[in-house]
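Chains as they are written, first to last, in the numbering used here: chain A, 22 to 153; chain B, 881 to 1045. Built from N, CA and C at the ideal position, the CB exists for glycine as well. Just below is one structure, and these are the notes that go with it.
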Amino acid sequence: MPTQEEIYSKVSATLVEALNVDEDEITPESTLQGDLGAESIDFLDIVFRLEREFGIKIPRGELFPESIFQGDPEFVQDGRVTEKGLAELKARMPFADMEQFEQNPEVSHISDLFTVDLITRYIQGKLETSKN
Amino acid sequence: MRWIWIDTFLEFHSGKSARAVKNLSLAEDYFAEHFPGYPVMPGPLILEGLAQTGGILVGEANDFREKVVLAKIPTARFHREVLAGEQMTYAVDILTLRAEGASVAGKVFVGEELVAEAEIFFAHLDQARSQQIFGDHNFVFSGELKHLLGLARAQATPARSASEG
């Protein structure tokens, strides 16, 4: 089982390849879209590379859910994620760090949840499960 | 302009790999301009041939039901120019093949010499949505590509013996 540091460095190398960014641009807090310029097709590319790099299967929508709320008013009201929506997000993405987002849960900030750290935590969880 | 950048397949292993040939004739139109007196195959057209080889390989893997579109070229390297009169071999291996799309590693050779290489990423246009926009017609695998597909399919069938032909 690789250490968190080893996973992070592999994730970081994967992002260098997929997004054509320099390694020194990447920090654990970097957001994939905002900081590293990922576009929709890049997310699929990242998934393919992570699967090859770590020898795991990443089912569609598990790491990068395509549409969590689908405009459901129970989950989103006036551009903000409701309590129920937050619970749904946590259930779908237990590997996301929601702390900052919960303070100001605007829907438009959801993409900021997707950081390099989020991928690292996801992979770590995945490797732990496959080991057991 | 005819948009077919492979002449024939040499090998076709369904879902795995393919090799195709592209002969460069000085009669091809683009050589008149690129460049006068020095006929170099434009790099993007080399990639197009590689993408057609890879696209057919990916398409055939799902029996051409998916609309396979080139979505991204994460890396491409050109090691030297390729000139009129030369013959390129496109060698493509599938790296990943899933419901959402596929990625392939492609290499271009002249003889034994590696002249270019690229990774190419294909997306399967979402069936439901593309049907709304484009109808049932598979606009990717139509026309000229279709003839090549027939060839690819025939070559994907193992042991086509001479006695059959």
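| Check | Outcome |
| --- | --- |
| Whole angstroms are fine: how far does the CA of residue 907 of chain B sit from the CA of residue 31 of chain A? | 48 Å |
| Check distances from the C-beta atoms of the segment 978 to 993 of chain B to those of chain A and list, in chain order, the residues that come in under 8 Å. | 978, 979, 980, 981, 983 |
| Can you tell me where the beta strand (DSSP E) with residue 953 of chain B in it begins and where it stops? | 948 to 958 |
| Let me make sure I understand the geometry here. Which of B:948, B:914, B:930, B:904 has the alpha-carbon closest to that of residue 1021 of chain B? | B:948 |
| Give the list of continuous alpha helix (DSSP H) stretches no shorter than 4 residues that lie fully inside the segment 897 to 948 of chain B. | 910 to 913, 923 to 941 |
| What's the C-alpha gap between residue 96 of chain A and residue 980 of chain B? | 27 Å |
| Alpha carbon to alpha carbon, what distance is there between residue 63 of chain A and residue 148 of chain A? | 23 Å |
| Check residue 987 of chain B in the structure and name its three-state DSSP category. | strand |
| Output yes or no for whether 8 Å exceeds the beta carbon distance between residue 988 of chain B and residue 996 of chain B. | yes |
| Where do the N-terminal and C-terminal ends of the beta strand (DSSP E) with residue 973 of chain B fall, by residue? | 967 to 977 |
| Would you list, in chain order, the members of the segment 922 to 950 of chain B that have their beta-carbon closer than 7 Å to a beta-carbon of chain A? | none |
| Would residue 1003 of chain B pass as an interface residue toward chain A - the criterion being a Cβ-Cβ separation below 8 Å? | yes |
| By Cβ distance below 7 Å, which residues in the same chain neighbour residue 975 of chain B in space, the five residues on each side in sequence not counted? | 983, 984, 985 |
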